[in-house]
Structures are given as C-alpha cells and as structure tokens.
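Novice: Residue numbers (this note's numbering): 18 to 412.
Sharing a structure below in structure tokens format, with a few things to ask.
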C-alpha cells in the first residue's frame, strides 16, 4: 500500500470523524435551540399572564379610584390636573377627559384653592382647609392636600363635600336661636304678671283674675311650644327606626275627625270626609300619620275662620295615595304662602283663634311627609279656597 493510499484512508477517517462531530454538535445545538425555543415560549406565556394580571390590577385600581366617595385629584408640580375621579367630576359637573391636562385655576377658578396648592407645593407639607366654591349651587368642600414624590405625580387633593353638614349646622343654630326666643317671650310675660301681682299688693279680684288669665295663656303657649318641639324631635329620632306596620288609613282619619269634632262644632266648621268604601292600607308608623292628619285639621280649625267647610279626600292610585284637605276659609296670602312650612312661622291672620300657636304645626306635617318620601302642594285663593294635596308613594 502506497503512502498516498494510506493518506487517503486517514483523510477519509478524519472526514468521517469530523462529520460525526458535526452531527453530534448539531444535534446538541438543536436540542439547546429547542429548549431555548420552549423557554422563549414559556417566557412569552408568562409575560402574557403578567400583562393580563397587570391590566386587571390597573382596571381594579381605576375602579377603586373612581368609586371612592370622596373626590380625588392628582396634580403635577405646575398644578396641572393629571387625573380626577368620578366623585370630583360629578360634584363639579366636569368631563374628565376635558379637564385632565388643565391647570386647577382654569377648572375651578378659586383663589383660595390656588393659595392652598401653592403652599403645599412650596412647603412640601400636608395642608387642610374648608373652601367654598361658588356657582349655581354653592359647595362647602373640605380640601386636604398631600405632597407626593412619585414620578410626575406631585400632589394629591382630597375633596370632601361638607355642604350638607354646614347647612345642618346653620339650621341647628337657627333652630336653637328661634326656640330660645320663642320660649323667652312667654316666660318674660309670665314673670311680669307674677311680679306685678306680688309687688303691687293688688286686691281687686278682677285685675288679679285678668293677670292670672294672661299668665295661664302664656303657660299654655309655652306648653304647646314644648309639645311641638318634642314632636319634631320624635320625628327626627324615628327617621332611622321608622315602623313599617300596615294599618287602615280610613280608620285613622275617622278617629282624628272624631277627636276634633267638639272643636269643629264650636266654630261651626263642618268636616266632610270622602273616601272609597274599601279600606285603604298603608304601611308606616300609624302614630305619625295620625299626627299629620290632626295637625292638618287643626290648621283649618284654628286659622281658617268660622262657619266654613273642610273637605278631606282620600284617593288610592296605582302607585300613590293622595290625601287632600280643602276649605273655603280666609285662605293664605301670597306673601305668607312660601313660608308656611318654616319652623315658628306665623302668618298675618287677623282672625286666628290660636294666638298661642307654636308656629310648628305645618312644619311637623312637612317633616312627616318628607320622612315618607312624599310631597305636599298648596294652592290658596283668599276667601275662596285653600287646598293642601299630600302625595305618598305606596309602600
């Protein structure tokens, strides 16, 4: 065998070995490539899962952000609005997409808010202040500012609507002032009559009797006032624990009429009750309903005049119950009509038989109607007809 043949054989063997090595390497590469491909697919699946979770979390955050009952605004360092939630949008009648990117001064036009924002950004400390926003409806807002340090979010504004609380506080203060005045007047009179009796050594029985009669009248007035105030307080207390027991409206109204017949006959007032023969059932607190009916009848008996007719109509409709009180008495003047449901309001009625009235009767009626989500409307033509229409939703 020649040297060339040996070299050829060796070369062939080397080629075969090289081919085998290449095949082994390629096979291993393919295996690794396959594993890499599988890993990439696995990574891709995980990334998709993470992306799905992230999107769901962002949706959840948006859902929570928009459903927080208090208003939330996110600002940048230039007091530009980055985000607002639905509470703010609803409170100020804003379109979210239209205000994001605008400065707060443009959107709210409130210098007190701007001063508060400037102070929070300058001092980098939380701020809190009650601010009034003026518009078609004035809003009292408790604004709390919290500095942030997160990307371009620099300031968090929290808005809490305190308008109702402020109004309630005003009404409560006004009520206390009114009742203090109303109680002081009869107490001062009683004190004056008693001091006169004690100091003047009066012996004339007619004069003494006159003073005592006036003092007793003031005591009655004070008694009516206290009773009506307690009734109002009772109504407010029952707002959260209102009874829901069915009863027959017809029987309640009949009982009220019977209990007041004596007073009606004294003033020659005829009470006519019109209703369907079938019982009309209503579910609520029967005591409150009875008080409403009594107050409405007494309003006519004491302030309507004499020799008049009071008609009470009870009607049942598909979803409503109507209770109508109409009389042909002296009526209510246009000047008095807007105020008759206000506490302690007394109209300029020259023939009213209740000079000691507390001025709370119709206010109590309005409270009871509101408590049952009802409505009360009044039409009055002096010396012709006065009609109160009370509407209750069927419960």
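Just so it is clear, CB atoms sit at the ideal spot from N, CA and C, and this is done for glycine as well.
Rounded to a whole number of angstroms, what is the C-alpha to C-alpha distance between residue 497 and residue 108?
Specialist: The requested residue 497 is not part of the displayed model; the chain covers only 18 to 412.
Novice: So the beta strand (DSSP E) residue 328 belongs to, where does it begin and stop?
Specialist: Going by DSSP, residue 328 is part of the beta strand (DSSP E) stretching over 326 to 333.
Novice: Tell me whether residue 323 sits in a helix, a strand or coil according to DSSP, three-state version.
Specialist: If DSSP states are grouped into helix, strand and coil, residue 323 belongs with coil.
Novice: Would you say the stretch 269 to 286 touches the stretch 307 to 316, given that touching needs at least three Cβ pairs under 8 Å?
Specialist: Verdict: yes, contact present.
Novice: Thinking residue 127 and residue 150 are a contact (beta carbons under 8 Å), I'd like their distance in whole angstroms, please.
Specialist: 6 Å
Novice: Specify the secondary structure class of residue 399 as computed by DSSP and reduced to three states.
Specialist: coil
Novice: Given residue 318, which residues of its chain have a CB within under 7 Å of its CB, disregarding the five upstream and five downstream residues?
Specialist: 277, 280, 281, 284 and 286
Novice: For residue 315, write down the residues that DSSP places opposite it in a beta bridge.
Specialist: Beta-bridge pairing links residue 315 to no other residue.
Novice: In angstroms, rounded to a whole number, what distance separates the CA positions of residue 314 and residue 326?
Specialist: 11 Å
Novice: Looking at residue 341 and residue 406, is the spacing between their C-beta atoms short of 8 Å?
Specialist: yes
Novice: State yes or no: is the C-beta of residue 162 within less than 8 Å of the C-beta of residue 144?
Specialist: In this structure, residue 144 lies closer than 8 Å to residue 162 by Cβ.
Novice: For residue 123 and residue 98, what's the separation of their Cα atoms in angstroms?
Specialist: Rounded to whole angstroms, residue 123 to residue 98 spans 10 Å at the Cα level.
Novice: Pull up the distance between the alpha-carbon of residue 37 and that of residue 70, whole angstroms please.
Specialist: 49 Å
Novice: Using 10 angstroms around the beta-carbon of residue 203, count the other beta-carbons present and answer buried if the total reaches 16, otherwise exposed.
Specialist: buried
Novice: In chain order, what residues of the same chain have a beta carbon less than 7 Å from the beta carbon of residue 228, not counting five sequence neighbours either side?
Specialist: 210, 213 and 214
Novice: I need the straight-line Cα distance from residue 392 to residue 331, nearest angstrom please.
Specialist: Looking at the backbone, the Cα of residue 392 and that of residue 331 are separated by about 15 Å.
Novice: Buried or exposed: which applies to residue 397, given that a residue is buried once 16 or more other Cβ atoms fall within 10 Å of its Cβ?
Specialist: Result: buried.
Novice: Using CA coordinates, which residue listed in 56, 244 and 301 is at the minimum distance from residue 266?
Specialist: 301
Novice: Pick helix, strand or coil for residue 223, following the three-state DSSP scheme.
Specialist: helix
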